[in-house]
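To start, the structure under review is shown below, and the notes come after it.
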Amino acid sequence: MTDNKALILRQPDDWHVHLRDGEALADTVAATARQFARAIVMPNLKPPVTTAALGRSYRDRITAAIPPGTDFTPLMTLYLTDHQDPAELDPTVFTAAKLYPAHATTNSAAGVTAIAHIRPMLDTLQRLDLPLLVHGEVTDHDVDIFDREAVFIERTLKQLVNDYPALRIVFEHITTRDAVAFVEACGPNVAATITPHHLALNRNAMFDGGIRPHAYCLPVAKREVHRQALLAAATSGSPKFFLGTDSAPHEVSTKESACGCAGIYNAPVALESYAASFEAMGALDRLEGFASEHGPRFYRLPLNEGRVRLDRTAFTVPDRQTVGQGKVVPFMANEVLNWSFSGPIPPQN
Ligand code: DOR
Ligand code: ZN
Numbered sequence: 002m003t004d005n006k007a008l009i010l011r012q013p014d015d016w017h018v019h020l021r022d023g024e025a026l027a028d029t030v031a032a033t034a035r036q037f038a039r040a041i042v043m044p045n046l047k048p049p050v051t052t053a054a055l056g057r058s059y060r061d062r063i064t065a066a067i068p069p070g071t072d073f074t075p076l077m078t079l080y081l082t083d084h085q086d087p088a089e090l091d092p093t094v095f096t097a098a099k100l101y102p103a104h105a106t107t108n109s110a111a112g113v114t115a116i117a118h119i120r121p122m123l124d125t126l127q128r129l130d131l132p133l134l135v136h137g138e139v140t141d142h143d144v145d146i147f148d149r150e151a152v153f154i155e156r157t158l159k160q161l162v163n164d165y166p167a168l169r170i171v172f173e174h175i176t177t178r179d180a181v182a183f184v185e186a187c188g189p190n191v192a193a194t195i196t197p198h199h200l201a202l203n204r205n206a207m208f209d210g211g212i213r214p215h216a217y218c219l220p221v222a223k224r225e226v227h228r229q230a231l232l233a234a235a236t237s238g239s240p241k242f243f244l245g246t247d248s249a250p251h252e253v254s255t256k257e258s259a260c261g262c263a264g265i266y267n268a269p270v271a272l273e274s275y276a277a278s279f280e281a282m283g284a285l286d287r288l289e290g291f292a293s294e295h296g297p298r299f300y301r302l303p304l305n306e307g308r309v310r311l312d313r314t315a316f317t318v319p320d321r322q323t324v325g326q327g328k329v330v331p332f333m334a335n336e337v338l339n340w341s342f343s344g345p346i347p348p349q350n
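Shown next, in the form of structure tokens:
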């Protein structure tokens, strides 16, 4: 339901988030569980979540960090490596498996160097009907960083989709019109997540009057024409596109550095920033499908029954958030957002 003043949505889920570990968990889990009922939790810890035992214990740590009285379910992912026993793909632990091309992003050094190495894992995923989640970028240094997603489609993803016609694949955090077109052309087994920052920023944001480390993430934001393609896809109503924040906190000093980390911490303002982008497209009525329906249908999970409310109350995003012992600059710091998240609403009779 939307009117001018309130936006009531079926309780959304986040289909891609980095909750980190240790002292960060209390804050990251609270921020995500405040807005989302479930989240697909990325496995790029140090060390990465490469076994069922590591997945189980990470899930226990997350569960222990859920604020009392909050209904939140972490959905775990297995980090694929070149040499792995398919028995680690325990469906009682994992909802999906994540393909990081080696060295593509944060903590991906143990990732996959060639698809040939993970054939047994892909066969097992297809047989168990578990989705494969893909960080879709090549890592070749001769490929321009702004082309890495488009080249990945040509060199890797097309073949993968052909070789595993029954495998459900999520092309994560897409950033290009090439990715939108590819996903649209595939069958219903291929979908994509879209982040709030890739809907809001083009690549100029990284160089706006000087170098802007808090706008740096991977895949990097692209040209405006690509942002427009992402906005069109997210607001199209197509069930192939759904919400995945890629919220990825890094302590302020590791971002504001000579070699700053990639990642944008958007969990504290996730729904508010998606709402701003959808409203700018005149498509607030499409937000619920994107945020709360397309993801669970693709993952073959029930839709959430609860509802949440956003109110048209402007607020200024704080310039710092506490995450564990450190401070993080959140997405849209110091900017004004027009919708405020007001929380769950009581069940309607
Ligand atoms: O910007 C990013 N940050 N992209 C990723 O793929 C990983 C993430 C992180 O873990 O920090
Ligand atoms: Zn991510």
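Take the sequence shown: its position 154, counted from the start at 1, is 155 in this note's numbering, and no numbers get skipped. In this text, a Cβ means the ideal position worked out from N, Cα and C, and glycines have one as well.
Review point. Among residues of its own chain, excluding the 5 on either side of Arg39, which ones have a beta-carbon nearer than 6 Å to its beta-carbon?
Key: Asp14, Thr74 and Leu76
**Study point:** Rounded separation between Glu173 and Gly210 - CA only
**Key:** Rounded to the nearest angstrom, the two C-alpha atoms are 30 Å apart.
**Study point:** Sequence-distant residues of its chain with Cβ nearer than 7 Å to Leu302 (five each side left out)
**Key:** If we look at Leu302 and ignore the five residues flanking it on each side, it has no Cβ neighbours.
Exercise for review: With DSSP as the reference, label Met333 as helix, strand or coil.
Suggested key: The answer is coil: DSSP assigns Met333 none of H, G, I, E or B.
**Study point:** Anticipated Cβ contact below 8 Å, Phe243 with His295, distance rounded
**Key:** 4 Å
**Study point:** Length-filtered (3 minimum) beta strand (DSSP E) runs lying within the segment 142-222
**Key:** Listed in chain order, they are 170-172 and 191-195.
**Study point:** C-alpha distance - Val324 paired with Ser254, whole-angstrom precision
**Key:** 13 Å
Practice item. State yes or no: is the C-beta of Gly290 nearer than 8 Å to some heavy atom of the ligand DOR? Key: no
Review point. Does the distance from the C-beta atom of His215 to that of Ala334 stay below 9 Å?
Key: With contacts defined by Cβ atoms closer than 9 Å, His215 and Ala334 form a contacting pair.
Practice item. List the endpoints of the continuous beta strand (DSSP E) containing Thr74. Key: Thr74 to Tyr80
Point to revise | Within the segment 238-325, ranges of the alpha helix (DSSP H) (whole runs, at least 4 residues) | key: 253-256, 271-281 and 295-300
Review point. Applying the criterion that 16 or more other CB atoms from any shown protein chain within 10 Å of the CB defines a buried residue, is Ser58 buried or exposed?
Key: exposed
Check your understanding: If we count Cβ pairs, one from each stretch, closer than 8 Å, do we get three or more for the segment 178-190 versus the segment 227-237?
Key -> yes
Exercise for review: Ignoring anything shorter than 4 residues or poking outside the segment 85-154, list the alpha helix (DSSP H) runs there in chain order.
Suggested key: 120-129 and 149-153
Review point. From what residue to what residue does the alpha helix (DSSP H) around Leu10 run?
Key: Leu10 -> not in any alpha helix (DSSP H); beta strand (DSSP E) instead, spanning Ala7 to Arg11.
Exercise for review: Could you work out which residue in Arg204, Leu219 and Ser237 is closest to Arg228 when comparing CA atoms only?
Suggested key: Nearest of Arg204, Leu219 and Ser237 to Arg228, Cα basis: Arg204.
Point to revise | Residue span of the beta strand (DSSP E) that contains Ile346, given as start and end | key: Ser341 to Ile346
Practice item. Grab me the residues of Ile63's own chain with a C-beta within less than 8 Å of its C-beta, minus the 5 sequence neighbours each way, in chain order. Key: Leu20, Leu26, Val30, Val42 and Pro75
Exercise for review: Please classify His227: does DSSP put it in a helix, a strand, or coil?
Suggested key: helix
Check your understanding: Straight-line CA distance for Gly264 to Pro102?
Key -> Going from the Cα of Gly264 to the Cα of Pro102 covers about 17 Å.
Practice item. Consider the C-beta atom of Gly264 and the heavy atoms of the ligand DOR; say whether any pair is separated by less than 8 Å. Key: yes
Exercise for review: Could you tell me whether any non-hydrogen atom of the ligand DOR is closer than 8 Å to the CB of His251?
Suggested key: yes
Check your understanding: Can Glu173 be considered in contact with the ligand ZN, in the sense that its beta carbon sits closer than 8 Å to one or more heavy atoms?
Key -> Result yes, Cβ under 8 Å from the ligand ZN.
Review point. Under a Cβ-count criterion, where at least 16 other Cβ atoms within 10 Å of its own Cβ denotes burial, should His104 be classed as buried or exposed?
Key: exposed
**Study point:** Beta-carbon proximity list for Glu289, same chain, < 7 Å, skipping 5 on both sides
**Key:** Leu10 and Arg11.
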